[in-house]
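The structure appears below as structure tokens.
Number of protein chains: 2
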Amino acid sequence: MARDAGETKRRLLEAATSEFAERGIAGARVDRIAAAASANKALIYSYFGNKEDLFDAVFNALVVDTVRDVPIDPDDLPGYAGRLFDRSQTHPEILRLALWHSLERGGAGSLPDAVVTANAEKVAAIAQAQEAGRISRRFPAGELLVLVVGIATLGATEFAPAPDPAVRRRTIIEAVELLTKDET
Amino acid sequence: MARDAGETKRRLLEAATSEFAERGIAGARVDRIAAAASANKALIYSYFGNKEDLFDAVFNALVVDTVRDVPIDPDDLPGYAGRLFDRSQTHPEILRLALWHSLERGGAGSLPDAVVTANAEKVAAIAQAQEAGRISRRFPAGELLVLVVGIATLGATEFAPAPDPAVRRRTIIEAVELLTKDET
Chain W
10 MARDAGETKR
20 RLLEAATSEF
30 AERGIAGARV
40 DRIAAAASAN
50 KALIYSYFGN
60 KEDLFDAVFN
70 ALVVDTVRDV
80 PIDPDDLPGY
90 AGRLFDRSQT
100 HPEILRLALW
110 HSLERGGAGS
120 LPDAVVTANA
130 EKVAAIAQAQ
140 EAGRISRRFP
150 AGELLVLVVG
160 IATLGATEFA
170 PAPDPAVRRR
180 TIIEAVELLT
190 KDET
Chain A
10 MARDAGETKR
20 RLLEAATSEF
30 AERGIAGARV
40 DRIAAAASAN
50 KALIYSYFGN
60 KEDLFDAVFN
70 ALVVDTVRDV
80 PIDPDDLPGY
90 AGRLFDRSQT
100 HPEILRLALW
110 HSLERGGAGS
120 LPDAVVTANA
130 EKVAAIAQAQ
140 EAGRISRRFP
150 AGELLVLVVG
160 IATLGATEFA
170 PAPDPAVRRR
180 TIIEAVELLT
190 KDET
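Protein chains in written order, with our numbering: chain W, 10 to 193; chain A, 10 to 193.
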């Protein structure tokens, strides 16, 4: 019984991920998610709360998975950027969810807890490497993180189409190398 | 009479810009746009076509204005990036429209004509400066444009909040300097 509940939750989260990635928060329909997961709509409310809560559950789960599978390496930020790019190619839904959240729920203090925690840990890791003199101190740690993640996810929208993913990957890695190497 | 029509069109475009920036394409309501512009809803269809056509008219107008007010200078890409950042601060609606378009209408060949034309001209200007040896040839021209515009618009979403716009502006300009200066 408990096992079935876990399996139903998993199916609901999977269906919700597709629905939110495709249509955003306002456009998503709880009925469609329940149907795609072959589950009763009432279970969504009982397991997750309302539609916004379900979105948060989906988004938090994706952030936790990404941080686990693509951990930051402050001593190899070009490599980290390359791996984040690879992840954005195999898991485009996380960037779509981030953009929907930003457009529909944006504003100070609206970021999911998992994002806030993950960012603080990444900034701390970069600051430590800077203090130890292992990477350039040219940029404040928080600004360098924004540059690295921003460059790694170029191509997430149609406005920066990559003619060839291999070319874009090389661009990303080379750009982050230039931004992190020590002044000489 | 022709003057009134021009004035009504202007009011409709202004109201449509706010509505689409706030709610996206699916979420926008033509009734609300007509009411905000104190115009008859039927005029929207007669002047612009359907809701998608109205979105395209709004977005094209913003792109044309931006290219006119913030022209690219291939010999000063850091300064260009700084001016694009300033523009994104004073006119946040263009980035919101670009993100909505990307999420709701994205896909190959879906970019508005004004964007395609503006991008092609910018890439040509960068390629020319590279061929003349005035800026680094490290990156293909199209990739360099993606980097410059991507970095200039960091902070467009809540995921890259700038603690202080002056700090972010300095980050952007310094990053583009590093990416465009010649190999030494």
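Note that the Cβ used here is the ideal one computed from N, Cα and C, for glycine as well.
Measure the C-alpha to C-alpha separation of residue i and residue j and round it to an integer number of angstroms.
i: W:Phe148; j: A:Pro149; result: 25 Å
i: W:Glu31; j: A:Ala123; result: 26 Å
i: W:Leu86; j: W:Glu28; result: 33 Å
i: W:Leu22; j: A:Ser97; result: 35 Å
i: W:Gly33; j: A:Lys60; result: 19 Å
i: W:Leu153; j: W:Ala138; result: 12 Å
i: A:Val157; j: A:His100; result: 18 Å
i: A:Ser5; j: W:Ala169; result: The structure shown has nothing for residue 5 of chain A, since chain A only spans 10 to 193.
i: W:Ile135; j: A:Gly151; result: 30 Å
i: W:Arg146; j: A:Thr26; result: 41 Å
i: W:Ser119; j: A:Asp13; result: 43 Å
i: A:Leu93; j: A:Val76; result: 10 Å
i: W:Ser55; j: W:Ile103; result: 25 Å
i: A:Gly115; j: W:Ala141; result: 44 Å
i: A:Arg179; j: A:Thr162; result: 13 Å
i: A:Asp78; j: A:Glu130; result: 15 Å
i: W:Ala175; j: W:Leu187; result: 19 Å
i: W:Asp173; j: W:Val155; result: 24 Å
i: W:Glu16; j: A:Asp40; result: 44 Å
i: A:Val125; j: A:Lys18; result: 25 Å
So, for residue i: in the same chain, excluding its five sequence neighbours on each side, which residues have a beta-carbon less than 7 Å away from its beta-carbon?
i: W:Ala43; result: Asn49, Lys50, Ile53
i: A:Asp191; result: Ser145
i: W:Ala127; result: Val72, Val76
i: A:Gly91; result: Arg178, Ile181, Ile182
i: W:Val257; result: Because residue 257 of chain W is not part of the residues shown, which for chain W are 10 to 193, the question remains open.
For residue i, which residues from the same chain have a beta carbon less than 6 Å from its beta carbon, with the 5 sequence-adjacent residues on both sides left out?
i: W:Pro121; result: Asp65, Phe68, Asn69
i: A:Phe57; result: Leu63, Ala66
i: A:Pro80; result: none
Taking a contact to mean a Cβ-Cβ separation below 8 Å, would you say residue i touches residue j in this structure?
i: A:Leu108; j: A:Leu71; result: no
i: W:Tyr89; j: W:Asp95; result: no
i: A:Asp144; j: A:Thr189; result: The sequence given here places Ile at residue 144 of chain A; Asp does not occur at that position. Going by C-beta atoms, A:Ile144 is nearer than 8 Å to A:Thr189.
i: A:Arg20; j: A:Ala37; result: no
i: A:Ala171; j: A:Arg177; result: yes
i: A:Ala24; j: A:Glu113; result: no
Beta-carbon within less than 8 Å of residue i's beta-carbon, same chain only, minus the 5 sequence neighbours each way: which residues are those?
i: W:Asp74; result: none
i: W:Asp84; result: Ala138, Arg143, Ile144
Can you list, in chain order, the residues of the stretch 22-44 of chain A whose Cβ is nearer than 7 Å to any Cβ on chain W? Taking 7 Å as the Cβ-Cβ cut-off against chain W, the residues of the stretch 22-44 of chain A that qualify are Gly33, Ala35, Gly36.
Please identify, using Cβ separations under 9 Å, the residues of the stretch 135-149 of chain W that lie next to chain A, in order along the chain. The residues in question are Arg147, Phe148, Pro149.
By the 8 Å beta-carbon criterion, what residues does the stretch 172-189 of chain W contribute toward chain A? Those would be Pro172, Val176, Arg177, Thr180, Glu183, Ala184, Leu187, Leu188, in chain order.
Taking Cβ-Cβ distances below 9 Å as the criterion, which residues of the stretch 105-132 of chain W are in contact with chain A? Cβ contacts with chain A: Arg105, Ala107, Leu108, Trp109, His110, Ser111, Leu112, Glu113, Arg114, Gly115, Gly116, Ala117, Ser119, Leu120, Val124, Asn128.
Residues from the stretch 150-164 of chain A in contact with chain W, defined by Cβ distance under 8 Å: For the stretch 150-164 of chain A, which is checked against every Cβ of chain W, the residues closer than 8 Å are Gly151, Glu152, Val155, Leu156, Val158, Gly159, Ile160, Leu163, Gly164.
For the stretch 56-82 of chain A, which residues have a beta carbon sitting closer than 7 Å to at least one beta carbon of chain W? Within the stretch 56-82 of chain A, no residue qualifies.
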